[in-house]
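Residue numbers (the numbering used here): 4 to 124.
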Amino acid sequence: LFDAGRLRAQAEIGASLRDRAVFAYEAAVRNAFADTENALTAVQRLREQLDEAEARRTATREVLRIAHNRYRNGYSSYLEELDAQRNAFSAETTVLQLRASWLQAHVDLYRALGGGWAPGG
């Protein structure tokens, strides 16, 4: 009789531990799916932004070329060319920042999918 109560209590403790482990596993799976979805979304969003920034960079390079030709031929001031240079450099900086973010998003996606690497090698 006394052993039955102890066995029942041990069974309840075992069931409680099992339920806690199942809950933790389910939470880990949900978090992994959420992390993966967020990383995929970030990669896609940053690629779209990068494409737009590259198009803007191309346009500012063309504006700079035209401004340089206009200045060289005496149709505009050097200030117009400097302004075009500033815009071109700004567009280039934006492209580089977005490319770095896009690459970091790929690393985050790799990690979310369970990837990893050993430090230093």
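From the three backbone atoms N, C-alpha and C, an ideal C-beta is built for every residue, glycine too.
Query, Result
"Tell me the DSSP secondary structure of Y28 in three-state form.", "helix"
"How big is the Cα-Cα spacing for Q107 and G17?", "43 Å"
"Would you mind reading off the limits of the alpha helix (DSSP H) that contains Y113?", "81–115"
"Could you check whether A91 and L67 sit closer than 7 Å to each other, using their CB atoms as the reference points?", "yes"
"Cα separation between W105 and N34?", "22 Å"
"Once you ignore the five residues that flank T97 on each side, which residues in its own chain have a CB closer than 7 Å to its CB?", "A56"
"If we ignore side chains and look at the alpha-carbon of each, how far apart do Y81 and H109 end up?", "42 Å"
"Taking a contact to mean a Cβ-Cβ separation below 7 Å, would you say R59 touches A94 in this structure?", "yes"
"If we count the other Cβ atoms within 10 Å of its Cβ and call it buried at 16 or more, is T61 buried or exposed?", "exposed"
"My output table needs one value for G119: the three-state DSSP class, helix, strand or coil.", "coil"
"Output the distance between the C-alpha atoms of S79 and Q88, rounded to the nearest integer angstrom.", "14 Å"
"What distance in whole Å lies between the Cβ atoms of A115 and A42, which are believed to be in contact at a cut-off of 8 Å?", "4 Å"
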